[in-house]
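Undergrad:
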Amino acid sequence: MGIFIGDDTRLVVQGITGRDGSFHTRQMMEYGTRVVAGVTPGKGGRSFDDAVPVFDTVEEVVAEAEANTSVIYVPARFAADAVFEAADAGIALIVCITEGVPVGDMLRVLPYVREKGARLIGPNCPGLIVPGRCKVGILPGQIVREGPVGIVSRSGTLTYEVIFQLTRAGIGQSACVGIGGDPLIGTDFVDCLAAFEADPETEAVAVIGEIGGTDEQVAAEYVSREMSKPVVGFIAGQTAPPGRRMGHAGAIISGSEGTAEEKIRAFESHGIGVARRPADLVGLIRDR
Amino acid sequence: MNIHEFQARAIFARHGIPVPEAEVAATADEAAAAAERFGGQVVVKAQVHAGGRGKAGGVKLAATPAEARDSAHAILGMEIKGIEVRRVLVAPAEDIASEAYVGIVLDRARQADTIMVSSEGGVDIEEVAATMPGAIRKVAVDPRYGLLAHQAALLGHHLYDDAGAARQASSIIAKLYEAYRASGAMLAEINPMIVNPAGEVKAIDAKMNIDDNALFRLPDIAALRDTEAENPAEVRAREAQLSYIPLDGNVGCCVNGAGLAMATMDLVKYYGGEPANFLDIGGSSNPDKVVAALELITADPNVKSILFNIFGGITRCDDVANGIVEATDRMELGVPITIRLTGTNEEEGVAILAARGFEAMVDMDRAVETAVRRAGGATEGGR
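Chains as they are written, first to last, in my numbering: chain F, 10 to 297; chain X, 4 to 386.
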């Protein structure tokens, strides 16, 4: 099963001929993801690695290759338009890996995508993976293992770290979703928690949060109100100074809002066990 | 990106917001000359990227040019939140009948820009929110339609009973929103916005923060960056495309990925140490970036131990290993280095390091614990 992607996924890669796009297309295909087409404006008619047809527009891909999912690797200045294009073409799930998209662009993109009935994951995210079935994005396939734990995270490499430690301890994953480190993102913790709650293969969920914003606090309330499955958490940035953007555009303590302490308190007050170290997530999950 | 008050004032004025005239002075003599030109009482304000200037003594009233010279002399060179003041703004002191607050920020939860006004101006808005929430009125702007006229009118009327003042305020709010959008801002504030005894509404302070990611299409705004007002190490880091924030500890951290970098700092603290910095070398890290990172870390005299924490994804362990080797060829580290490498091309990376006598670990906790110990062990308050 997994969430958002799986055996039915027919993927189009926007920016397939670029450096990142081509590298990760090969990785996704190696993992077993069905990449049905690529898009690079002006390069339509070519073939990528003699295996994947390249088109000029997403509209053509949907008509001719029946893509239902898109992953975006185009440079930041073109990313918003790539999302608009995918939404206009009727793509149901759009995963935007690109980092550095202006917030003003995302302000316009988000309501548009919603009106079209599409789901956007990202931007500035590693994408998602359903172990053994499908990966869309850049998560390294070799560290995951099939199993019962859903993972949702605002980070990239910290997510890999958590997956790595779980896998090493013999705990597999039902799906791992990186929702992105920007202040405005298409899919939040609650969207993923709801999907994990509905997924019969997921037995527990780990939420990896960080400083900035109130997404974790909202998620904590949702967990105590709506979820039957156990949820554990980790919050990065306990030692981060206020007012500084910690690498991710969204990882900033503004005034007194968005601190790690505040988020840890919210998790704990809603019954979410909080790991002090990433390694402690293993024990927390075993205990649940 | 932060910009100075005088730069934000210029942007506001360009968008038609009434901003009283002012001059920027880099020396006490220049400040005195400006005061002379304006005549009468002036205000001398530190131009620095930090809040709380008033509380820090960075804003002074001066009745005469001689006093303006003294004020500027006192303020120039002063440090506010660790940043040296290199310039002051000199402006005629305004007669103030009342002070209000106008601010625009990105509301992440609502995914919309939010305009906030408060009839309590000249004070910290968070304080007002905590003590007098009734003074504040907020309006979320639908990005598809922009600020609607009735929204601006509503905010103006929240601030002033007088119809004329309310109308002026509504106009200022609409122009501020235009300035905010046109500048790729994530924050724009007028605090305070005043009414003078003649009933004129004016912005006598200006603050803007700009979305770094929007700068590529706003060359005029990008040119406002004042690297002299920033920490030199952070300027060097940005030029090398590294994300670096100096801290007070003694364990220098070099990590790939922002989330993992924060978690690494937290783990240093967990094991009783203190991180010297946040440093994210980013995704596709070529050896040059690793060299630049090591130069930054070793330039910090507080660093007693260096910790690499690399989880290879896009980042390749062999690239990082080559960078470490190259850096140690070029310079003396002077302090012990602890390396954790795992993920993409791990074996190649470990072999490169081993050939030069460096040991690489796989376990993050073990590496952090070792780096803390090598920095002189756990300090007070660990665990």
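Just so you know, even glycine gets a beta-carbon here, dropped at the ideal spot from N, CA and C.
#1: Per DSSP, what kind of secondary structure is I130/F in: helix, strand or coil?
#2: With a 10 Å radius around its C-beta and 16 neighbouring C-beta atoms as the bar for buried, classify Q247/F as buried or exposed.
#3: Measuring alpha carbon to alpha carbon, tell me which residue in T26/F, K52/F, D58/F is nearest E39/F.
#4: Would you list the residues sitting across from K84/X in a DSSP beta bridge?
#5: Buried or exposed for I14/X, please, with buried defined as at least 16 other CB atoms from any protein chain shown within 10 angstroms of its CB.
#6: Between the stretch 237-245 of chain F and the stretch 206-213 of chain F, do three or more beta carbon pairs fall short of 8 Å?
#7: Are there three or more Cβ pairs, one per stretch, closer than 8 Å when the stretch 229-239 of chain X is compared with the stretch 134-147 of chain F?
#8: Going along chain F, which residues have a C-beta under 9 Å from E129/X?
#9: Kindly say whether G346/X, judged by its beta-carbon, lies nearer than 9 Å to any beta-carbon of chain A.
#10: Kindly provide the ranges of any alpha helix (DSSP H) runs that are 4 or more residues long and lie completely inside the stretch 306-362 of chain X, ordered along the chain.
#11: Any C-beta of chain X sitting closer than 9 Å to the C-beta of F243/F?
#12: Evaluate L263/X with the Cβ neighbour count: other Cβ atoms within 10 Å of its Cβ, from every protein chain shown; 16 or more gives buried, anything less gives exposed.
#13: Would you call the CB atoms of I130/F and G189/F closer than 9 Å?
#14: Between which two residues does the beta strand (DSSP E) holding I107/X run?
#15: Do you know offhand how far S192/F's Cα is from P251/F's?
#16: List, in chain order, every chain F residue whose beta-carbon is nearer than 9 Å to that of L310/X.
#17: Which residues in chain X have a C-beta closer than 7 Å to the C-beta of T248/F? List them in chain order.
#18: From the beta carbon of I25/F, is the nearest beta carbon of chain X less than 9 Å away?
#19: Taking 9 Å as the CB-CB cut-off, is V258/X touching chain F?
#20: Using a cut-off of 9 Å between C-beta atoms, extract the partners of S164/F located in chain X.
#21: Put G384/X into one of helix, strand or coil per three-state DSSP.
#22: Can you give, in chain order, each stretch of the beta strand (DSSP E) that sits fully within the stretch 223-311 of chain X and has at least 3 residues?
#23: Name the chain F residues whose beta carbon is nearer than 9 Å to that of A217/X?
#24: Is the number of C-beta pairs between the stretch 115-123 of chain F and the stretch 140-159 of chain F that are closer than 8 Å three or more?
#25: Give me the residue from R17/X, G260/X, M268/X, R376/X with the minimum Cα distance to K307/X.
#26: Note down, in chain order, each residue of its chain lying with its Cβ closer than 6 Å to the Cβ of L227/X, except the 5 sequence neighbours on either side.
#27: Less than 6 Å between C-beta atoms, sequence neighbours within five positions excluded: which residues of the same chain meet that for N133/F?
#28: Taking the beta carbon of H153/X as the centre, do at least 16 other beta carbons fall within 10 Å, making it buried, or is it exposed?
#29: Which two residues bound the contiguous alpha helix (DSSP H) that contains I78/X?
#30: In this structure, how does DSSP classify S164/F when only helix, strand and coil are distinguished?
#31: Whole angstroms are fine: how far does the CA of V67/F sit from the CA of S246/X?
TA: Well, looking at it:
#1: For this step, residue 130/F is matched to residue 121 along the first sequence. It is a strand residue.
#2: As a first step, residue 247/F is located in the first sequence; it is residue number 238 there, counting from the start. The residue in question, Q247/F, is buried, as its Cβ has 16 or more Cβ neighbours within 10 Å.
#3: The sequence position of residue 39/F within the first sequence is 30, counting from 1. For E39/F, the nearest C-alpha among the options comes from D58/F.
#4: Counted from its first residue, the second sequence places residue 84/X at position 81. Its beta-bridge partners do not exist; DSSP assigns none.
#5: Counted from its first residue, the second sequence places residue 14/X at position 11. That one is buried.
#6: Touching, per the Cβ criterion.
#7: Cβ pair count under 8 Å is below three, so no.
#8: Position 126 of the second sequence, counted from the start, is the residue given in the question as residue 129/X. Chain F residues near E129/X: G264, S265, E266.
#9: The structure shown contains no chain A; its protein chains are F and X.
#10: The DSSP assignment places complete alpha helix (DSSP H) segments of no fewer than 4 residues inside the stretch 306-362 of chain X at 320-333, 349-358, in order along the chain.
#11: What you label residue 243/F is simply residue 234 of the first sequence in a count that begins at 1. With a threshold of 9 Å between beta carbons, F243/F makes contact with chain X.
#12: Stepping through the second sequence from its first residue, residue 263/X is reached at position 260. The residue is buried, with at least 16 neighbouring Cβ atoms inside 10 Å.
#13: Looking up residue 130/F in the first sequence gives position 121. Looking up residue 189/F in the first sequence gives position 180. I130/F is a Cβ neighbour of G189/F, given a cutoff of 9 Å.
#14: Walking along the second sequence from the start, residue 107/X turns up at place 104. That run of the beta strand (DSSP E) goes 101-110.
#15: The residue you call residue 192/F lines up with position 183 of the first sequence. The residue you call residue 251/F lines up with position 242 of the first sequence. The sequence given here places Pro at residue 192/F; Ser does not occur at that position. If you take the alpha carbons of P192/F and P251/F, they lie about 16 Å apart.
#16: Looking up residue 310/X in the second sequence gives position 307. Against chain F, a Cβ distance below 9 Å from L310/X picks out nothing, because the smallest value is about 14 Å.
#17: Here residue 248/F corresponds to residue number 239 of the first sequence, with the count starting at 1. Listed along chain X, the residues sitting closer than 7 Å to T248/F by beta-carbon distance are M268, D269, K272, P278.
#18: For the purposes of this step, residue 25/F is taken as residue 16 along the first sequence, with counting starting at 1. Closer than 9 Å to the CB of I25/F there is not a single CB belonging to chain X.
#19: Mapped onto the second sequence, residue 258/X falls at position 255. Residue-level contact by beta carbon holds for V258/X and chain F, with a gap shorter than 9 Å.
#20: One-based indexing of the first sequence puts residue 164/F at position 155. Going along chain X in sequence order, the residues near S164/F (Cβ under 9 Å) are G260, A261, G262, L263, M265, A266.
#21: Translated into the one-based positions of the second sequence, residue 384/X becomes position 381. Residue placement at G384/X is poorly supported in this model, since its pLDDT is 42, which falls under 50; the coordinates still yield a value, given next. Correct three-state label for G384/X: coil.
#22: Counting only runs of 3 or more, we get 246-249, 254-258, 280-283.
#23: Taking the first residue of the second sequence as 1, we reach residue 217/X at position 214. Close to A217/X, with beta-carbon spacing below 9 Å, are these residues of chain F in chain order: P111, V112, G113, D114.
#24: Counting Cβ pairs under 8 Å, fewer than three are found: no touch.
#25: In the second sequence, counting from the first residue as 1, residue 307/X sits at position 304. Selected option, being the one with the closest Cα: R376/X.
#26: Position 224 of the second sequence, counted from the first residue, corresponds to residue 227/X. Within its own chain, the residues whose Cβ lies closer than 6 Å to the Cβ of L227/X, once the five positions on either side in sequence are excluded, are I6, Q10, listed in chain order.
#27: The residue given as residue 133/F occupies position 124 in the first sequence. Cβ neighbours of N133/F beyond the five flanking positions: E108, G189, G190, D191.
#28: The sequence position of residue 153/X within the second sequence is 150, counting from 1. H153/X is exposed by the Cβ-count criterion.
#29: Here residue 78/X corresponds to residue number 75 of the second sequence, with the count starting at 1. Segment 68-78, the alpha helix (DSSP H) holding I78/X.
#30: Taking the first residue of the first sequence as 1, we reach residue 164/F at position 155. In the three-state DSSP reduction, S164/F falls in the coil class, being neither helix nor strand.
#31: For the purposes of this step, residue 246/X is identified with residue 243 of the second sequence, where counting begins at 1. For the purposes of this step, residue 67/F is identified with residue 58 of the first sequence, where counting begins at 1. C-alpha separation (whole angstroms): 34 Å.
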